[in-house]
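Okay, structure first, notes after.
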Amino acid sequence: MLIFSGVFKNAEKKPQKICMTFGKKVITYKELAKSINERAAFLASKYRIGSRIIIKNLDPIDAITVFLACSRAGLISITVNDKITSLQLNKVTQKVKQCCIIDDKFYFRSDGKEYYKLPCIDDSCIFLGALSSGTTGHNKVIWRDHKSWASAFKYQSEIFNISSSDILFLIGSLSYTGNLNSAIHILNEGGSIVFSKSIYPKTWIREMIQNNVTSMFAVPARYRVLLKELDMDFENVNSILSAGDKLDGETIDLLKKKFPNAHIFEYYGASELGHVSYIDFRNNYNIESVGKAFPQVKFWLKDDLVWVESPYIAPDFRPRASVGDIGKIDEKGNLYILGRKNNTINKGGVKILPYNIEKVLDANPKILKSAVFGIKDPVKGEDICVTIVLKVDTLGIEDIRKYCKKNLEPYLWPKEIKIVKDLKLNSSGKIDKKALSYKKK
Numbered sequence: 192m193l194i195f196s197g198v199f200k201n202a203e204k205k206p207q208k209i210c211m212t213f214g215k216k217v218i219t220y221k222e223l224a225k226s227i228n229e230r231a232a233f234l235a236s237k238y239r240i241g242s243r244i245i246i247k248n249l250d251p252i253d254a255i256t257v258f259l260a261c262s263r264a265g266l267i268s269i270t271v272n273d274k275i276t277s278l279q280l281n282k283v284t285q286k287v288k289q290c291c292i293i294d295d296k297f298y299f300r301s302d303g304k305e306y307y308k309l310p311c312i313d314d315s316c317i318f319l320g321a322l323s324s325g326t327t328g329h330n331k332v333i334w335r336d337h338k339s340w341a342s343a344f345k346y347q348s349e350i351f352n353i354s355s356s357d358i359l360f361l362i363g364s365l366s367y368t369g370n371l372n373s374a375i376h377i378l379n380e381g382g383s384i385v386f387s388k389s390i391y392p393k394t395w396i397r398e399m400i401q402n403n404v405t406s407m408f409a410v411p412a413r414y415r416v417l418l419k420e421l422d423m424d425f426e427n428v429n430s431i432l433s434a435g436d437k438l439d440g441e442t443i444d445l446l447k448k449k450f451p452n453a454h455i456f457e458y459y460g461a462s463e464l465g466h467v468s469y470i471d472f473r474n475n476y477n478i479e480s481v482g483k484a485f486p487q488v489k490f491w492l493k494d495d496l497v498w499v500e501s502p503y504i505a506p507d508f509r510p511r512a513s514v515g516d517i518g519k520i521d522e523k524g525n526l527y528i529l530g531r532k533n534n535t536i537n538k539g540g541v542k543i544l545p546y547n548i549e550k551v552l553d554a555n556p557k558i559l560k561s562a563v564f565g566i567k568d569p570v571k572g573e574d575i576c577v578t579i580v581l582k583v584d585t586l587g588i589e590d591i592r593k594y595c596k597k598n599l600e601p602y603l604w605p606k607e608i609k610i611v612k613d614l615k616l617n618s619s620g621k622i623d624k625k626a627l628s629y630k631k632k
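Under this note's numbering, read the sequence shown as residues 192 to 632, first letter to last.
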């Protein structure tokens, strides 16, 4: 199956159904299929199969259309955030060696020959270069083929309670592959997408009401912001999906309360691995786990690292791979992610996992979120630093030190503590610990 196959089937079955909405702009499946073919024909006439295209669009509907047109033309897309700096974009262009950048100024000329010179491609063709910062803080490119994405769509629908009748709400940039995958999945399923690029949760709530949203995908930080402003229940939402970071217990409880009829899902994966595991918090109260294996996935531990074998792994990493996550597996087959090997703090020869400290700090009812990382130390090599977002203003640094001394072993006590209003996220919606640690060094 190709990632655009379902779109054309849906265009034949329900041509007038709206498939995407962004503000006042809407597009039907018939219009989407027509635009994909026209743009694909134009691109195929200009660029050889396998050429690399950087997509930098402000409009998510255009971004999805161009993305699918590129894949239909046998080209490889690299999606970047529309707020990317010139310096960052220059680094990406040097790395991927693209043939062009498609942005809002790019002109598609149509001669009406929608199928002219469109190549024959199969599911082993590369269609995406996913930018991942990994553990180095520098972009690396993960090349994905159709098979590694499309083969998961069936199970995404079954497990995450998604059907053709759903209206999916998406926040943020399509440069994050979690957003992009969710969008392409539901278009193949035959549902609809409502895009929001607003940073204001009150706007999200209004858009969700206006468009009768039934499902949602977002990173945990987005859900926490939304729940602060949400003073009503969304009874018609049946699926809440999260990825990119771990949901905390308080957020899970609030999601259950505000979305009383929704299953609350979380999945663990990586750009290199695809979907690895999943959990439904309506049926599983083990909030520390990232759940059981996604269908057709096998995972195991080797030297404490999580190894994965599945059909969703990117071609360059097959048949089995590890991204360096440290984990454990319980007797019921539940997977736990304890941190990234390269993020381990080496304090005087003692290896410390930030997860073990964050778990204790986040259990404090006055702390919203903590981020633990290593800082240089002239004697020990590295020591522990923690940055904290509070729920209340009544907790000070000395209070946190007392809490750490009461609840942590001495070797886990942080050397530095900083209280901030929020924690910067990277493009994947995870706390950007590299940015924090760079500031400290």
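Cβ atoms here follow ideal geometry from the backbone N, Cα and C, with glycine treated the same way.
Local Cβ density within 10 Å of residue i, reported as buried at 16 or more and exposed below that
{"i": "C210", "result": "buried"}
{"i": "V287", "result": "buried"}
{"i": "K449", "result": "buried"}
{"i": "I548", "result": "buried"}
{"i": "M399", "result": "buried"}
{"i": "G328", "result": "Legend: pLDDT at G328 = 44, less than 50; position of this residue unreliable, value from coordinates given subsequently. Classification of G328: exposed, given that the 10 Å Cβ count is below 16."}
{"i": "C311", "result": "exposed"}
{"i": "V283", "result": "buried"}
{"i": "L614", "result": "buried"}
{"i": "V583", "result": "exposed"}
{"i": "N452", "result": "exposed"}
{"i": "D507", "result": "exposed"}
{"i": "L249", "result": "exposed"}
{"i": "G197", "result": "buried"}
{"i": "K237", "result": "exposed"}
{"i": "T585", "result": "exposed"}
{"i": "D521", "result": "exposed"}
{"i": "Y546", "result": "buried"}
{"i": "K419", "result": "exposed"}
{"i": "D357", "result": "buried"}
{"i": "I240", "result": "exposed"}
Proximity of residue i and residue j at Cβ, strictly below 8 Å
{"i": "L526", "j": "S480", "result": "yes"}
{"i": "F258", "j": "S242", "result": "no"}
{"i": "S342", "j": "P569", "result": "no"}
{"i": "G381", "j": "N201", "result": "yes"}
{"i": "F485", "j": "Y346", "result": "yes"}
{"i": "I292", "j": "K247", "result": "yes"}
{"i": "L464", "j": "V416", "result": "no"}
{"i": "A254", "j": "L309", "result": "no"}
{"i": "A224", "j": "F199", "result": "yes"}
{"i": "P251", "j": "L359", "result": "no"}
{"i": "L133", "j": "I517", "result": "Because the chain spans 192 through 632 in this model, residue 133 falls outside it and cannot be assessed."}
{"i": "V428", "j": "N402", "result": "no"}
{"i": "K538", "j": "Y594", "result": "no"}
{"i": "F344", "j": "R263", "result": "no"}
{"i": "I608", "j": "R592", "result": "yes"}
{"i": "S373", "j": "F425", "result": "no"}
{"i": "S430", "j": "H454", "result": "yes"}
Nearest-angstrom beta carbon gap, residue j and residue i [assumed within contact, 8 Å]
{"i": "T442", "j": "P392", "result": "No, T442 and P392 are not in contact; Cβ-Cβ is about 14 Å, not under 8 Å."}
{"i": "I353", "j": "S406", "result": "6 Å"}
{"i": "Q289", "j": "I244", "result": "6 Å"}
{"i": "F318", "j": "R335", "result": "7 Å"}
{"i": "D314", "j": "L193", "result": "6 Å"}
{"i": "V611", "j": "T578", "result": "6 Å"}
{"i": "I396", "j": "L361", "result": "Wrong, their Cβ atoms sit about 15 Å apart, outside the cutoff."}
{"i": "Y476", "j": "L446", "result": "Going by Cβ atoms, the distance from Y476 to L446 rounds to 14 Å, so no, they are not a contact pair."}
{"i": "L581", "j": "K606", "result": "That pair is no contact at about 20 Å."}
{"i": "I504", "j": "S339", "result": "7 Å"}
{"i": "L371", "j": "T270", "result": "6 Å"}
Endpoints, the alpha helix (DSSP H) within which residue i is located
{"i": "V350", "result": "For the sequence presented, residue 350 should be read as Ile rather than Val. Its alpha helix (DSSP H) spans residues F344 to I350."}
{"i": "E380", "result": "T368 to E380"}
{"i": "S262", "result": "P251 to R263"}
{"i": "K593", "result": "I588 to N598"}
{"i": "F485", "result": "Neither: F485 is in no alpha helix (DSSP H) and is coded neither H nor E."}
{"i": "I548", "result": "P545 to D553"}
{"i": "G465", "result": "No alpha helix (DSSP H) holds G465; the beta strand (DSSP E) holding it covers G465 to D471."}
{"i": "K204", "result": "S196 to K204"}
Residue i: first and last residue of the uninterrupted beta strand (DSSP E) it sits in
{"i": "L581", "result": "G572 to L581"}
{"i": "A235", "result": "Counting along the chain, A235 falls outside any beta strand (DSSP E), though it belongs to the alpha helix (DSSP H) covering Y220 to K237."}
{"i": "R397", "result": "From DSSP, R397 is part of no beta strand (DSSP E) but of the alpha helix (DSSP H) over P392 to Q401."}
{"i": "R531", "result": "L526 to R531"}
{"i": "S433", "result": "S430 to S433"}
{"i": "L286", "result": "Inspection of the sequence shows that residue 286 is occupied by Lys rather than by Leu. Looking at the DSSP string, K286 is not in any beta strand (DSSP E); the run it does join, the alpha helix (DSSP H), is S277 to V287."}
{"i": "T270", "result": "I267 to T270"}
{"i": "S561", "result": "I558 to D568"}
Proximity test, residue i beta-carbon vs the ligand MN heavy atom, cut-off 7 Å
{"i": "G382", "result": "The ligand MN is not part of the structure shown, which contains no ligands of any sort."}
8 Å Cβ cutoff, residue i in contact with chain E
{"i": "P569", "result": "Looking for chain E here will not work: only one protein chain is present."}
*Would you call the stretch 456–463 and the stretch 428–448 touching, i.e. three or more CB-CB distances under 8 Å?*
yes
*Between the stretch 539–557 and the stretch 587–605, do three or more beta carbon pairs fall short of 8 Å?*
yes
*On the three-pair Cβ rule with 8 Å, is the stretch 523–541 touching the stretch 557–576?*
yes
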